[in-house]
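A short write-up of the structure that comes next.
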Amino acid sequence: MRISKEEVYCPNCGIVVEDFPMDSKPDYKEDNEKTGYGSPVKHSTTSIGSVIKYTDLGKLDPKTRNNMSKLIQWTNKLNTAMERNLNFAFGELEKYASIIHAPEQIKEEASRIYREAVQRNLVRGRSMESIAAACLYIACKEFESPRTLDEVADSAGINKKELGRTCRFVMRELDISLAPVNPSSYISKFANKLNLSQKTQTDAVKILEKALKMDLTSGKSPQGTAAAALYLCALMNKEKRTQREIADTASITEVTIRNRYKELLRELNLRDRLRKNK
DNA sequence: AAGACGAAAGTGGTTGA
DNA sequence: TCAACAACTTTCGTCTT
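Quick note on the numbering used here: the first sequence kicks off at 9 and runs consecutively.
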């Protein structure tokens, strides 16, 4: 018997969202037209119910009926245990998300990924915290609002290495592939933390665009490139920050900033401009 | 003295035989 | 499965401001 036949799936992600009467199909189109944002399903609420109609059991022969009731009991038990776990995990996710100031959209996406991870049995043998944090990290990246591994790891009280490992694992298992993060998406965050002017920010983004075109960024850590661009533009705009200050806010090392910075100077011929501004 | 620089050795992940 | 590899980190001595 295929239980899944009567379940309702989220049209976007294929996740089971709720049980539904046998003979009526949900019409997501209506919802989409009204809201313009796809289905209004909340992934962070647990609503997987039993899909077998009890009244149908009467039609079956006693042996099958017995088996079926056992199956129902078993799935119900499984469901409630799973719901409890999910609810707990969503609570944790909520905590981490508020620490890193992730908006509702990202929370929802992280919850969706987490639910999928649970259904694919990825949590077994790993801590719920690390999986939840990984989902959050991935969701942030998907929405091009990346957080550093350190930020997310800290919010969940786990270490960076473990989070990195778990992220790769989850992405591999759920077949999630993401475009490399554009270094520019870090600029405003870093610049704000460092109290750098708007001009420095826009200058840095311009430099990063050039760097991107010249393929100076592929394979390199986007934080490093962003940090170097900021360091450079801060120097040019006479609001110098030390390499250490910038390295700390970008959670990378001074050495990485130096290497990227040297590349930028060399490849974009910025040495003269820098000298003039001094 | 603080900051920048660069070399050297180590880490952990990726890739390709 | 293992070795080579690239990027990054840590550490540290030296140069510059």
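Cβ coordinates follow ideal geometry from the N, Cα and C atoms, glycine included.
Extent of the continuous alpha helix (DSSP H) run through residue i
| i | result |
| --- | --- |
| residue 165 | That residue, residue 165, is in no alpha helix (DSSP H); it is neither H nor E in DSSP. |
| residue 75 | 70-107 |
| residue 197 | 192-201 |
| residue 227 | It is not in any alpha helix (DSSP H) - residue 227 carries neither H nor E in the DSSP assignment. |
Backbone CA spacing between residue i and residue j [nearest angstrom]
| i | j | result |
| --- | --- | --- |
| residue 141 | residue 160 | 6 Å |
| residue 73 | residue 125 | 32 Å |
| residue 284 | residue 107 | 43 Å |
| residue 101 | residue 197 | 22 Å |
| residue 279 | residue 93 | 57 Å |
| residue 35 | residue 132 | Interpretation of residue 35 is limited by its pLDDT of 37, a score under 50 that renders its predicted location unreliable; the figure taken from the coordinates is listed afterwards. Taking the straight line joining both Cα atoms gives about 35 Å. |
| residue 271 | residue 99 | 44 Å |
| residue 113 | residue 130 | 23 Å |
Cβ-based neighbour list, residue i, same chain, cut-off 8 Å, excluding 5 preceding and 5 following
| i | result |
| --- | --- |
| residue 185 | 179 |
| residue 81 | none |
Nearest-angstrom Cβ-Cβ length linking residue i and residue j, presumed shorter than 8 Å
| i | j | result |
| --- | --- | --- |
| residue 195 | residue 234 | 6 Å |
| residue 118 | residue 79 | That belief does not hold up - the Cβ atoms of residue 118 and residue 79 are roughly 32 Å apart, past 8 Å. |
| residue 244 | residue 281 | 7 Å |
| residue 199 | residue 238 | 6 Å |
| residue 229 | residue 265 | Not confirmed; about 11 Å, so no contact. |
| residue 253 | residue 202 | 6 Å |
Same chain, Cβ closer than 6 Å to residue i, five either side skipped, listed in chain order
| i | result |
| --- | --- |
| residue 115 | 105 |
| residue 218 | 276 |
| residue 157 | 168, 171 and 172 |
| residue 164 | 104, 137 and 141 |
| residue 221 | none |
Residue from the options with nearest C-alpha to residue i
| i | options | result |
| --- | --- | --- |
| residue 227 | 199, 190, 90 and 209 | 190 |
| residue 224 | 273, 149 and 252 | 273 |
| residue 193 | 174, 181, 162 and 232 | 232 |
Sequence-distant residues of the same chain with beta carbon closer than 7 Å to residue i, five excluded per side
| i | result |
| --- | --- |
| residue 97 | 122, 136 and 140 |
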